[in-house]
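Just below is one structure, and these are the notes that go with it.
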Amino acid sequence: MRIGVLTGGGDCPGLNAVIRAVVRKGVATYGHEFVGFRDGWRGPLEGLTKPLGIAEVRGILPRGGTILGSSRTNPFKIDGGVEKIKENLAGLGVDALVAIGGEDTLGVATRLDELGVKVVGVPKTIDNDLNATDYTFGFDTAVNIAMEAIDRLHTTAESHHRTLVVEVMGRHAGWIALHAGIAGGANVILLPERQFDVDQVAQYVEKRFQHQYAPIVVVAEGAQPLDGQMVLHNQELDSFGHVRLGGIGQWLAEQLEARTGKEARTVVLGHIQRGGTPTAFDRVLSTRFGLQAIDAVHEGDFGKMMALRGTDIVRVPLKDGTGELKTVPIERYTEAEVFFGS
Ligand code: F6P
965 MRIGVLTGGG DCPGLNAVIR AVVRKGVATY GHEFVGFRDG WRGPLEGLTK PLGIAEVRGI
1025 LPRGGTILGS SRTNPFKIDG GVEKIKENLA GLGVDALVAI GGEDTLGVAT RLDELGVKVV
1085 GVPKTIDNDL NATDYTFGFD TAVNIAMEAI DRLHTTAESH HRTLVVEVMG RHAGWIALHA
1145 GIAGGANVIL LPERQFDVDQ VAQYVEKRFQ HQYAPIVVVA EGAQPLDGQM VLHNQELDSF
1205 GHVRLGGIGQ WLAEQLEART GKEARTVVLG HIQRGGTPTA FDRVLSTRFG LQAIDAVHEG
1265 DFGKMMALRG TDIVRVPLKD GTGELKTVPI ERYTEAEVFF GS
């Protein structure tokens, strides 16, 4: 078989480990051939390929990013996009695809599968918000990066008697904030799943200062204050009426400074959380996903997505991984609340 591989959406540590596992097992065990598609769905759409064999995957296991490049191109949003993909796959003699990506990339894979394209999916996102799998690779790496940053921020916050607001990624789900916050010993954790009361956050911060120790507030980029507080403080809103993404940390630091009279600083971790080498957990998970994906292709088990269930890698229908996002359950959040302000 000749198999195409692509990576779509935001990059994520572990993508190269998946590619390596797919190609290594595909060539060595099954004798398949591979073609790399560049930049997500743009690759098959525009016929952008690159060689993909044993030599190309040598040494890429610890490398972040993706050797294939990525994009958020959606062929269903382009006139004649799907026909073009089918035409290009036929022209290149590609029999099947391995699509590695998040909700959008796998959403495209689901629809292509329904239209007869032979495809299997591998879930990835640092956000860990894909429904069908217990964990996605990239998440553990992002959490470790954020945790290390929080560890470092404790000492500088303490030395200057400041509040440190750490903004982490997570537009719709607060998994990174929750795990990094717990692991880093944050004093307040704010998630998109629950609107927060800025006055209460200020009280937690003050309480923490009373203990002579400077507070660390971890806020997910998609966290929102109570509706009235947004209007009251007249922040820059996006087209959905939410505080502009990426700006919540800065906004919160200003509010806390005004309320507590203590200096506050913001650190936006941003894309640092997505860069660099994957942790051991993410390398193992990506590798196991890759091995299972090439088995699925070899067996002709298309329309499936790889998923972690407990400690097992299983195959589930592609559509199970898309649609509803896996957000943080309220019980998980309340577990962490015991540390707030204390
Ligand atoms: O989905 C992964 C993610 O890193 C989110 O956490 C974040 O909100 C978004 O992608 C950022 O996207 P971009 O790289 O396009 O700025």
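Numbering-wise (our numbering), the sequence shown opens with residue 965 and increments by one. Cβ coordinates follow ideal geometry from the N, Cα and C atoms, glycine included.
Residue i burial status per 10 Å Cβ neighbour count (16 or more: buried)
i            : result
residue 1116 : exposed
residue 1177 : exposed
residue 1304 : buried
residue 1294 : exposed
residue 1053 : buried
residue 1256 : buried
residue 1079 : exposed
residue 1015 : exposed
residue 1049 : buried
residue 1157 : buried
residue 1312 : Outside the displayed range of the chain (965 to 1306) lies residue 1312, so it cannot be described from this structure.
For residue j and residue i, the rounded distance between their alpha carbons
i            : j            : result
residue 1161 : residue 1081 : 48 Å
residue 1030 : residue 1063 : 13 Å
residue 1060 : residue 1075 : 15 Å
residue 987  : residue 1213 : 42 Å
residue 1253 : residue 1085 : 9 Å
residue 1046 : residue 1184 : 36 Å
residue 1218 : residue 1122 : 19 Å
residue 1285 : residue 1065 : 11 Å
Delimiting residues of the alpha helix (DSSP H) encompassing residue i
i            : result
residue 1252 : 1244–1262
residue 1008 : 1006–1010
residue 1141 : 1139–1148
residue 1073 : 1067–1078
residue 1158 : From DSSP, residue 1158 is part of no alpha helix (DSSP H); its letter is neither H nor E.
residue 989  : 979–992
Where the beta strand (DSSP E) through residue i begins and ends
i            : result
residue 1276 : 1276–1281
residue 966  : 966–971
residue 1105 : Where residue 1105 is concerned, there is no enclosing beta strand (DSSP E), although the alpha helix (DSSP H) it sits in stretches over 1103–1124.
residue 1273 : 1268–1273
residue 1131 : 1127–1132
Closest residue to residue i among the options (Cα-Cα distance)
i            : options                   : result
residue 1211 : 1186, 1276, 1038 and 1136 : 1186
residue 1038 : 1215, 1125, 1107 and 971  : 971
residue 1106 : 1192, 1124 and 1134       : 1134
residue 1192 : 1163, 1167 and 1217       : 1163
Cutoff 7 Å: residue i Cβ touching any chain D Cβ
i            : result
residue 1246 : The displayed structure is made up of one protein chain only, and chain D is not part of it.
I want to know whether the stretch 1093–1102 touches the stretch 1281–1295 - three or more CB-CB distances under 8 Å. yes
Assess contact between the stretch 1002–1011 and the stretch 1128–1141, defined as three or more Cβ pairs (one per stretch) separated by less than 8 Å. Is contact present? no
Problem - Contact the stretch 1131–1148 vs the stretch 1164–1177: 3+ CB pairs below 8 Å - result: no
Quiz prompt | Contact between the stretch 1261–1271 and the stretch 1145–1156 (3+ Cβ pairs under 8 Å) | solution = no
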